[in-house]
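**Q** Questions regarding the structure given below will be posed in turn.
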Amino acid sequence: MSVLDTETFHRWIVETARLVEANADRLTSLDAAIGDADHGINLRRGFQAAVTALAEKPAATPGAVLATVGRALISKTGGASGPLYGTGFRHASKSLGEAAEVSELQLGAALAAAVAGIRQLGAAAEGDKTMVDAWTPAVAAYQSTVDGGGALAEATRAAADAAEGGLRSTVELQARKGRASYLGPRSVGHEDPGAASTVLLLRALATVTAET
Amino acid sequence: MSVLDTETFHRWIVETARLVEANADRLTSLDAAIGDADHGINLRRGFQAAVTALAEKPAATPGAVLATVGRALISKTGGASGPLYGTGFRHASKSLGEAAEVSELQLGAALAAAVAGIRQLGAAAEGDKTMVDAWTPAVAAYQSTVDGGGALAEATRAAADAAEGGLRSTVELQARKGRASYLGPRSVGHEDPGAASTVLLLRALATVTAET
Amino acid sequence: MKKLINAPDDVLADALAGVAAAHPSLTVHLDERFITRAGGPTPGKVGLVSGGGSGHEPLHGGYVGYGMLDAACPGEVFTSPVPDQIHAATTAVDAGAGVLHIVKNYTGDVLNFQMAAELADDDGVRVESVVVNDDVAVEDSTWTAGRRGTGATVFVEKIAGAAAERGADLATVAALAREVNERSRSFGVALTPCTLPAAGKPGFELADDEMELGVGIHGEPGRSRAKLAPAKEIATTALEAIHADMPLSGDVLVMVNGMGGTPLIELYVVYKAVAEWLSGHGVTIARNLVGNYITSLEMAGCSITVCRLTPELTELWDAPVETPGLRWGR
Amino acid sequence: MKKLINAPDDVLADALAGVAAAHPSLTVHLDERFITRAGGPTPGKVGLVSGGGSGHEPLHGGYVGYGMLDAACPGEVFTSPVPDQIHAATTAVDAGAGVLHIVKNYTGDVLNFQMAAELADDDGVRVESVVVNDDVAVEDSTWTAGRRGTGATVFVEKIAGAAAERGADLATVAALAREVNERSRSFGVALTPCTLPAAGKPGFELADDEMELGVGIHGEPGRSRAKLAPAKEIATTALEAIHADMPLSGDVLVMVNGMGGTPLIELYVVYKAVAEWLSGHGVTIARNLVGNYITSLEMAGCSITVCRLTPELTELWDAPVETPGLRWGR
Ligand SMILES: Nc1ncnc2c1ncn2[C@@H]1O[C@H](COP(=O)(O)OP(=O)(O)O)[C@@H](O)[C@H]1O
Ligand SMILES: Nc1ncnc2c1ncn2[C@@H]1O[C@H](COP(=O)(O)OP(=O)(O)O)[C@@H](O)[C@H]1O
Ligand SMILES: [Mg+2]
Ligand SMILES: [Mg+2]
Ligand SMILES: [Mg+2]
Ligand SMILES: [Mg+2]
Numbered sequence: 580m581s582v583l584d585t586e587t588f589h590r591w592i593v594e595t596a597r598l599v600e601a602n603a604d605r606l607t608s609l610d611a612a613i614g615d616a617d618h619g620i621n622l623r624r625g626f627q628a629a630v631t632a633l634a635e636k637p638a639a640t641p642g643a644v645l646a647t648v649g650r651a652l653i654s655k656t657g658g659a660s661g662p663l664y665g666t667g668f669r670h671a672s673k674s675l676g677e678a679a680e681v682s683e684l685q686l687g688a689a690l691a692a693a694v695a696g697i698r699q700l701g702a703a704a705e706g707d708k709t710m711v712d713a714w715t716p717a718v719a720a721y722q723s724t725v726d727g728g729g730a731l732a733e734a735t736r737a738a739a740d741a742a743e744g745g746l747r748s749t750v751e752l753q754a755r756k757g758r759a760s761y762l763g764p765r766s767v768g769h770e771d772p773g774a775a776s777t778v779l780l781l782r783a784l785a786t787v788t789a790e791t
Numbered sequence: 580m581s582v583l584d585t586e587t588f589h590r591w592i593v594e595t596a597r598l599v600e601a602n603a604d605r606l607t608s609l610d611a612a613i614g615d616a617d618h619g620i621n622l623r624r625g626f627q628a629a630v631t632a633l634a635e636k637p638a639a640t641p642g643a644v645l646a647t648v649g650r651a652l653i654s655k656t657g658g659a660s661g662p663l664y665g666t667g668f669r670h671a672s673k674s675l676g677e678a679a680e681v682s683e684l685q686l687g688a689a690l691a692a693a694v695a696g697i698r699q700l701g702a703a704a705e706g707d708k709t710m711v712d713a714w715t716p717a718v719a720a721y722q723s724t725v726d727g728g729g730a731l732a733e734a735t736r737a738a739a740d741a742a743e744g745g746l747r748s749t750v751e752l753q754a755r756k757g758r759a760s761y762l763g764p765r766s767v768g769h770e771d772p773g774a775a776s777t778v779l780l781l782r783a784l785a786t787v788t789a790e791t
Numbered sequence: 533m534k535k536l537i538n539a540p541d542d543v544l545a546d547a548l549a550g551v552a553a554a555h556p557s558l559t560v561h562l563d564e565r566f567i568t569r570a571g572g573p574t575p576g577k578v579g580l581v582s583g584g585g586s587g588h589e590p591l592h593g594g595y596v597g598y599g600m601l602d603a604a605c606p607g608e609v610f611t612s613p614v615p616d617q618i619h620a621a622t623t624a625v626d627a628g629a630g631v632l633h634i635v636k637n638y639t640g641d642v643l644n645f646q647m648a649a650e651l652a653d654d655d656g657v658r659v660e661s662v663v664v665n666d667d668v669a670v671e672d673s674t675w676t677a678g679r680r681g682t683g684a685t686v687f688v689e690k691i692a693g694a695a696a697e698r699g700a701d702l703a704t705v706a707a708l709a710r711e712v713n714e715r716s717r718s719f720g721v722a723l724t725p726c727t728l729p730a731a732g733k734p735g736f737e738l739a740d741d742e743m744e745l746g747v748g749i750h751g752e753p754g755r756s757r758a759k760l761a762p763a764k765e766i767a768t769t770a771l772e773a774i775h776a777d778m779p780l781s782g783d784v785l786v787m788v789n790g791m792g793g794t795p796l797i798e799l800y801v802v803y804k805a806v807a808e809w810l811s812g813h814g815v816t817i818a819r820n821l822v823g824n825y826i827t828s829l830e831m832a833g834c835s836i837t838v839c840r841l842t843p844e845l846t847e848l849w850d851a852p853v854e855t856p857g858l859r860w861g862r
Numbered sequence: 533m534k535k536l537i538n539a540p541d542d543v544l545a546d547a548l549a550g551v552a553a554a555h556p557s558l559t560v561h562l563d564e565r566f567i568t569r570a571g572g573p574t575p576g577k578v579g580l581v582s583g584g585g586s587g588h589e590p591l592h593g594g595y596v597g598y599g600m601l602d603a604a605c606p607g608e609v610f611t612s613p614v615p616d617q618i619h620a621a622t623t624a625v626d627a628g629a630g631v632l633h634i635v636k637n638y639t640g641d642v643l644n645f646q647m648a649a650e651l652a653d654d655d656g657v658r659v660e661s662v663v664v665n666d667d668v669a670v671e672d673s674t675w676t677a678g679r680r681g682t683g684a685t686v687f688v689e690k691i692a693g694a695a696a697e698r699g700a701d702l703a704t705v706a707a708l709a710r711e712v713n714e715r716s717r718s719f720g721v722a723l724t725p726c727t728l729p730a731a732g733k734p735g736f737e738l739a740d741d742e743m744e745l746g747v748g749i750h751g752e753p754g755r756s757r758a759k760l761a762p763a764k765e766i767a768t769t770a771l772e773a774i775h776a777d778m779p780l781s782g783d784v785l786v787m788v789n790g791m792g793g794t795p796l797i798e799l800y801v802v803y804k805a806v807a808e809w810l811s812g813h814g815v816t817i818a819r820n821l822v823g824n825y826i827t828s829l830e831m832a833g834c835s836i837t838v839c840r841l842t843p844e845l846t847e848l849w850d851a852p853v854e855t856p857g858l859r860w861g862r
């Protein structure tokens, strides 16, 4: 059984910020097709703020890292994705509590808490063509890998892969939540930007946990 | 010695309107380069109004034809060219007086009166890159052809050719009157739109007097 | 991208500094990113706070002032404001009578205002929210995030603002705001896309003979694309969509609104068509606005908003207003 | 060409019908093509008539009303009005105290107003004319048709209008109008060209990284072409040109004017730069306007106009005005 320390959680956020930066234009282009062309810009601002907040006031526990990130995302991102991701991180933080180290089971619970928070706030179900379509299969894949005795690194990789599958599934969907829903049938044929950024977030998690 | 009757003057205006219509886009493009892209539109409106006015209330003398045209151009053209051409026609009309028929000498005097009226109203001299640069050599060429014993048809053709020479001369000039003057040195390298329409007017005169 | 800016990232900060310099009647809280009336809250008056992405000017900052808003919270261009700034604005304008949040129905705006309201509630500030959702182009609201909030926002801010100025209490002001929203419908058309400063390229591409029908105010594509049509047909399309959704009759308030890049002369051409359609359908335009009131950066196009008036709403509409974007009666 | 119109030839007639429908405070003489205040001339008051090509809205029709113009004569788009309509407007608003013609310095406008003044004179109407020529981009006025009339026209119409409303006589109103013109300077910049409805294509072409410096208000090319620069540099270029021509000091009235296709948020970015430059040069902005006041169809760009105020001019500027385009104090 592997455990994740505060430092790893910190590295997760830094890696996510890096990936968001590198993919900001792509995220914005996806949002231009079916939204308002700001998703990459929003998330870049949000995760830069998260990284800054962590640097300015280092967090003592994994849960504290996620709480700081949640607050920063809510305070700086704007748009729909800010409150949604921010709430996800805050719920995950609460799930971790004061623990100094996090097991694969605890991480699974935290991810499940995150997606539950996002679903509750956004009232989106699977199939509505939102970030939920990436989060939901990712959390399920993580869980079943761990349940099947897989290692943490394997589980996070499975989560990222499943998120990518979820992202691909959004192409054929017609949006029922968020701005893309205003397009009606014209929203079909495009990846959902929030699902695409969720892939980055989980890919970052897989990267920083690959050695564990 | 040939004489021109009312009907010929009427045909001159109809032919001018036809040429202006056919060349409206070119005149407007010339004006787009160094002015405000409306010269063809303005003159089309003005000469259509002149033709309509003549049709509605047929004029009894050559002078009356030109008076009606002058009024119509002033009332309907707008821009700088409306008052200038309109004044030109009104001065020409006054020069012809009540005469029922017009000799080559009388026509020469009328053309001279037209350009004098235009120069007075617009305060433009030769070389300022305006319609004056087409009118002035045209009237001079007309006069010298008649003075040399040339026929009316020959004189109007000489006038049109000289106007065309004047038009070409405007390309190298920097404008000092009208909107083109605002461009300063950038006005060089383009034909003056008003000089180009003056060519049409005199070409029409040559056409309707070709048989005389 | 051609814009009169210094750098894409500085647009909002620079513009807010410009607003501060231009309007002594406003206080611009540059760091916290909100705009209030200079001189602070009016004692005993219900506070009105609105906000949303920037790029819709004069909405909302231009509507802060006597008879309209107490505060506006501008987000980044086309991005909802964040809870912190809304929370700060809410506490700044609370004069004890509570605060009304006027929110346009976009997921981001709704969520951020909701979080701000919770924060304000923690501070003991009473907050009511009204969500504006007037855009009939969003048809099937059960299968979408619901209708967008567009032109009716201007009407809601003006009329609720007039009621608050007269001393109405929070419940009354909120009820009036909801009434205006319920009696109003909008439909928008884009002739050209617009470009977010930070994105650098237009949100969509349109051929020279095409337009987008049923657009919102965020440079997003509309419900459908059609061949560019004469103004009269466009007005008819918009008004038929509105009329089908909310049958029009009696006295109405009409706004023909430019999206930012449309010359006023064209808006008057559209207004003529709108006036003819309405009078042909027995509807009386009692009041109107023609101009740029809720824009989408430099987008060319227009939106048409109609509100079915009552005598009370008309009277509140006519009440004095003194803001940079709307002014009469003082 | 993408425009909200019915047909290029109908733009002006349709827009005037729209103005008539939208503004009960105005009477639009559709056949004779001029706009007056509803209710006819004010007995004993000097009449103010302005006019020029259309496409600059709200100028001039939007400035007809209490405290500003008595009549506006719109020509075809970017084409001066004709003497007949100016003459008709002049006689319509004469209330015995004479009429002031406010003319922008373009050959066409000057000639057509001059002819109209002669016609009015034949009818026994006293007419004075003031020619506005504030554009410093036209340098060498001896070698040109002289400076163009641009933004200062708004100032002249407002201030002369306020004086006339107070009962000043024709000579006084004309002298004030000339004083405002002499104390005002403008400089304009275009980021994009604009398209005359009847021409169908833009007046010039600009690369994606270019702008035209020193443009007028008719979609014409400017004095020179330059690389697109930050708003701050553009403001500096404009203000240096103005300051070099008329050294600025003391209290000024500043207008940052959009050309029709520029979003308000960008005008505020420019205003910030203008305010900083002026305060850095010891000049105080006592009054300002930020918005679309004298436009060039859908052109993107802006113009900056500065007027050196006197206490009298400030007071007249502050006087009540009630027009579709400018309103305060009532
Ligand atoms: N109700 C919702 N529930 C879950 N996710 C949502 C919801 N609405 C929007 N999203 C997600 O947010 C993404 C858009 O985020 P962003 O562009 O940053 O915000 P905005 O739509 O306000 O511009 C969408 O692609 C979608 O994945
Ligand atoms: N002062 C002047 N004297 C003579 N001709 C002039 C003068 N000013 C302008 N013009 C002529 O008028 C032409 C422009 O006419 P037009 O485009 O119809 O009017 P506007 O310049 O008002 O748009 C110019 O090309 C020039 O030949
Ligand atoms: Mg977005
Ligand atoms: Mg022209
Ligand atoms: Mg957004
Ligand atoms: Mg013109």
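Chains as they are written, first to last, in the numbering used here: chain A, 580 to 791; chain B, 580 to 791; chain C, 533 to 862; chain D, 533 to 862.
The beta carbon of each residue, even a glycine, is placed where N, CA and C say it ideally should be.
Are the CB atoms of T559/D and A570/D within a distance shorter than 7 angstroms?
**A** Contact: yes.
**Q** Is the segment 607 to 620 of chain D in contact with the segment 668 to 685 of chain D, if contact means three or more CB pairs nearer than 8 angstroms?
**A** No contact exists between the segment 607 to 620 of chain D and the segment 668 to 685 of chain D.
**Q** What is the rounded straight-line gap between the Cα of E790/B and the Cα of A603/B?
**A** Between E790/B and A603/B, the C-alpha separation is close to 27 angstroms.
**Q** Might you give, ordered along the chain, the residues of its own chain that have their beta carbon closer than 6 angstroms to the beta carbon of R862/C, omitting 5 neighbours on each side?
**A** Once the five neighbours on either side are set aside, the close Cβ partners of R862/C are P852, E854.
**Q** Starting from D783/C, follow its DSSP beta bridges and name the residues at the other end.
**A** Paired residues: T816/C.
**Q** Closer than 9 angstroms by beta-carbon distance: list the chain C residues that pair up with P753/D, in chain order.
**A** The premise fails here: P753/D is roughly 16 angstroms from chain C at the closest Cβ pair, so nothing lies under 9 angstroms.
**Q** Counting along the chain, where does the alpha helix (DSSP H) carrying K636/D start and finish?
**A** Counting along the chain, K636/D falls outside any alpha helix (DSSP H), though it belongs to the beta strand (DSSP E) covering 631 to 636.
**Q** Which residues end up in the neighbourhood of ligand 3 when you take C-beta atoms closer than 5 angstroms to any of its heavy atoms?
**A** Those residues are D610/A, G614/A, D615/A, D617/A, H618/A, given in chain order.
**Q** Return yes when at least one heavy atom of ligand 2 lies under 6 angstroms from the C-beta of M840/B, else no.
**A** Outside the displayed range of chain B (580 to 791) lies residue 840/B, so it cannot be described from this structure.
**Q** Any C-beta of chain D within less than 8 angstroms: which residues of the segment 639 to 668 of chain B qualify?
**A** So the close ones are I653, S654, K655, T656, G657, G658, A659, S660, G661, P662, L663.
**Q** Verify the contact flag: F610/C, CB atom, against every heavy atom of ligand 5, threshold strictly below 6 angstroms.
**A** True, at least one ligand heavy atom lies under 6 angstroms from that Cβ.
**Q** Apart from the five residues just before and just after A646/A, which ones in its own chain have a Cβ nearer than 7 angstroms to its Cβ?
**A** Once the five neighbours on either side are set aside, the close Cβ partners of A646/A are R669, S672.
**Q** At 9 angstroms on the CB atoms, spell out the chain B contacts of H750/D, in chain order.
**A** Per Cβ cutoff of 9 angstroms: G614, D615, A616, D617, R758.
**Q** In this structure, does DSSP put T622/C in helix, strand or coil?
**A** In this structure, T622/C counts as helix in the three-state DSSP scheme.
**Q** Does DSSP classify V711/B as helix, strand or coil?
**A** Here V711/B sits in helix by DSSP.
**Q** Whether or not the segment 734 to 746 of chain A and the segment 581 to 597 of chain B are in contact is what I'm after, with contact meaning three or more pairs of Cβ atoms, one per stretch, closer than 8 angstroms; do they touch?
**A** Touching, no.
**Q** Is A659/B near ligand 2 - that is, is its Cβ less than 6 angstroms away from at least one heavy atom of it?
**A** It does: the Cβ of A659/B is within 6 angstroms (strictly closer) of some heavy atom of ligand 2.
**Q** Just verifying my parser: in three-state terms, what is the DSSP assignment at M778/D?
**A** The answer is coil: DSSP assigns M778/D none of H, G, I, E or B.
**Q** Three or more C-beta pairs closer than 8 angstroms, one from the segment 824 to 839 of chain D and one from the segment 786 to 798 of chain D: is that the case here?
**A** Yes, they touch.
**Q** Is there at least one Cβ from chain C nearer than 7 angstroms to A763/D's Cβ?
**A** Yes, because at least one Cβ of chain C sits closer than 7 angstroms to the Cβ of A763/D.
**Q** Out of A707/C, A620/C, P573/C, point me to the one whose CA is closest to G583/C's CA.
**A** Of A707/C, A620/C, P573/C, the residue nearest in Cα terms is A620/C.
**Q** Would you identify the three-state DSSP class for H670/B, choosing helix, strand or coil?
**A** In the structure shown, H670/B sits in a helix (DSSP, three-state: H, G or I).
**Q** Among E586/A, S581/A, L583/A, G619/A, which one has its Cα closest to the Cα of T777/A?
**A** Of the candidates E586/A, S581/A, L583/A, G619/A, the one whose C-alpha sits nearest the C-alpha of T777/A is G619/A.
**Q** What's the gap between the Cα of G572/C and the Cα of G640/C?
**A** G572/C and G640/C: Cα-Cα distance of roughly 28 angstroms.
**Q** Closer than 6 angstroms by C-beta to T676/C: which residues in its own chain qualify, once you throw out the five before and the five after it? Chain order, please.
**A** Excluding positions up to five away in sequence, the list reads V670.
**Q** Measuring straight from C-alpha to C-alpha, what distance separates L858/C and T623/D?
**A** Between L858/C and T623/D, the C-alpha separation is close to 34 angstroms.
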